[in-house]
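Using the numbering used here, the letters of the sequence shown correspond one by one to residues 1436 to 1764.
Ideal Cβ positions, reconstructed from N, Cα and C, are used throughout, including at glycine.
Quick caveat, the model's predicted, so the values are computed rather than measured.
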Amino acid sequence: MKKKVLRLFKSSLLAFFAGIFCVAAQETDTYKNQLSFSTDNDIFVIGRDFDRYYSFGIKLGYQFKTERFLGLQKLFKNKIDQSYTIDASLEGFTSSNAEKFAATIDIEGPENFDRPWTGILYAQLKTTYAFERSFVRLGLLTGIMGPSSQAGALQLYWHADISNDLEYEGWQFQNPDQLLLNISSEYIYDLTPTSKTFGLFAGGQARFGNLYIDAMPVFGFRLGLFESISKTASFGNQLMANKKVTEYFFQSKFGLGLVAFDGTAQGNLLRSDSPYKIDDLSNSFATMIHGIHLNADWLTLGLVYTWEYGRVVPKSTHIYGGLHGSVRF
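Next up, the structure:
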């Protein structure tokens, strides 16, 4: 009888610990790959039927998890997870009164523009290191700025053959082609790690290279149902969340940018003779980013609006919207 009781006790104990290990495995069961797409455009703003400033952006990305990649896994020994992202982007920038520069017999020149028309085509490699209450993201960007980016050609094609909008002539006044090389860093810290319905965060980002030299401290909040900062969709960290993740929340982020150089407005960092560069670059700007984020199982969707004051052009304002989506597998 005692032997039967002892065997039953041992079996129950083994089952108990096996259950614990099973649950732990489920809690850390994540997808390994993700495909993402995003597009930004000021046309997403209600009542806006023309392009200005940051006119459009398109991004395709692939994010993945692996134990080793280019030696980047050796950084930050105390991290709890990591992921890698490779993406490609095309962006176009126009002057604020672009709708006045429709293609006509009389061609307006750069003296009519409050900022240069610029296209950039680039690829990025980013590594995200996750911690209990924060994450660090490091990035390397390379690409081309100028007519060869084809940003102007894409916008002209879209306006002429798809949307039947005005065709702009400002794209012929771009700065000459140049290669781009930039590095970036981002750090976000969760100020309320135990809350899953209302949370505060703070951090900052910095960029250095011949495309951007700037820095921005940020502060914000989330309201709804969400994961930790290192696993949440609003910062692109959903690949590190559990497969059965569920998020639906509103996020607001506020920042103050400090700008030393902006290649899209000033042309070549190493030369002062860029033909269409802006003379009076705004060295600071304020920004607000508000968005709704949905994240369930393998699918993520987001709708985000960005408001900027004093970006590139002093005392200017600009609003644009963005649609973001991703699938994990």
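For residue i: DSSP bridge partner residues
i	result
residue 1648	1696
residue 1580	1555 and 1613
residue 1516	1565
residue 1620	1573 and 1641
Backbone secondary structure at residue i - three-state DSSP
i	result
residue 1587	helix
residue 1546	helix
residue 1656	strand
residue 1477	helix
residue 1597	helix
residue 1668	helix
residue 1780	Coverage of the chain is limited to positions 1436 through 1764, which leaves residue 1780 absent and any answer about it impossible.
Among the options, nearest to residue i - alpha-carbon criterion
i	options	result
residue 1639	1497, 1740, 1620 and 1631	1620
residue 1522	1550, 1703, 1559 and 1554	1559
residue 1574	1520, 1677 and 1606	1520
residue 1686	1724, 1506, 1704 and 1699	1724
residue 1650	1696, 1665 and 1755	1696
residue 1509	1547, 1548 and 1562	1562
residue 1664	1738, 1740 and 1570	1570
Neighbour-count burial assignment, residue i, 16 or more Cβ in a 10 Å radius
i	result
residue 1743	buried
residue 1603	buried
residue 1460	Because the pLDDT at residue 1460 is just 41, under 50, the model does not fix this residue reliably, and the value given afterwards should be weighed accordingly. Its Cβ having fewer than 16 others within 10 Å, residue 1460 is exposed.
residue 1503	exposed
residue 1469	buried
residue 1706	exposed
residue 1684	buried
residue 1376	Past the boundaries of the shown model lies residue 1376; the chain is included only from 1436 to 1764, so the question cannot be answered.
residue 1609	buried
residue 1662	buried
residue 1595	exposed
residue 1759	buried
residue 1456	With a pLDDT of only 42 at residue 1456, under the threshold of 50, the placement of this residue in the model should not be trusted; the figure read from the coordinates follows. Label assigned to residue 1456: exposed.
residue 1673	buried
- request: Decide yes or no for the touch test of the stretch 1503-1523 against the stretch 1560-1568: beta carbon pairs closer than 8 Å, at least 3 of them.
  value: Using a C-beta cut-off of 8 Å, the stretch 1503-1523 makes contact with the stretch 1560-1568, since at least three inter-stretch Cβ pairs fall below that distance.
- prompt: Looking at C-beta atoms only, is the number of pairs between the stretch 1521-1529 and the stretch 1490-1509 that lie closer than 8 Å three or more?
  reply: yes
The stretch 1587-1597 contacting the stretch 1748-1762, beta-carbon criterion three pairs below 8 Å: no
message: I'd like to know if the stretch 1644-1652 and the stretch 1611-1618 are in contact, where contact means that at least 3 CB-CB pairs between them fall below 8 Å.
response: Because the criterion of three Cβ pairs below 8 Å is met, the stretch 1644-1652 and the stretch 1611-1618 touch.
- prompt: Three or more C-beta pairs closer than 8 Å, one from the stretch 1646-1666 and one from the stretch 1621-1630: is that the case here?
  reply: yes
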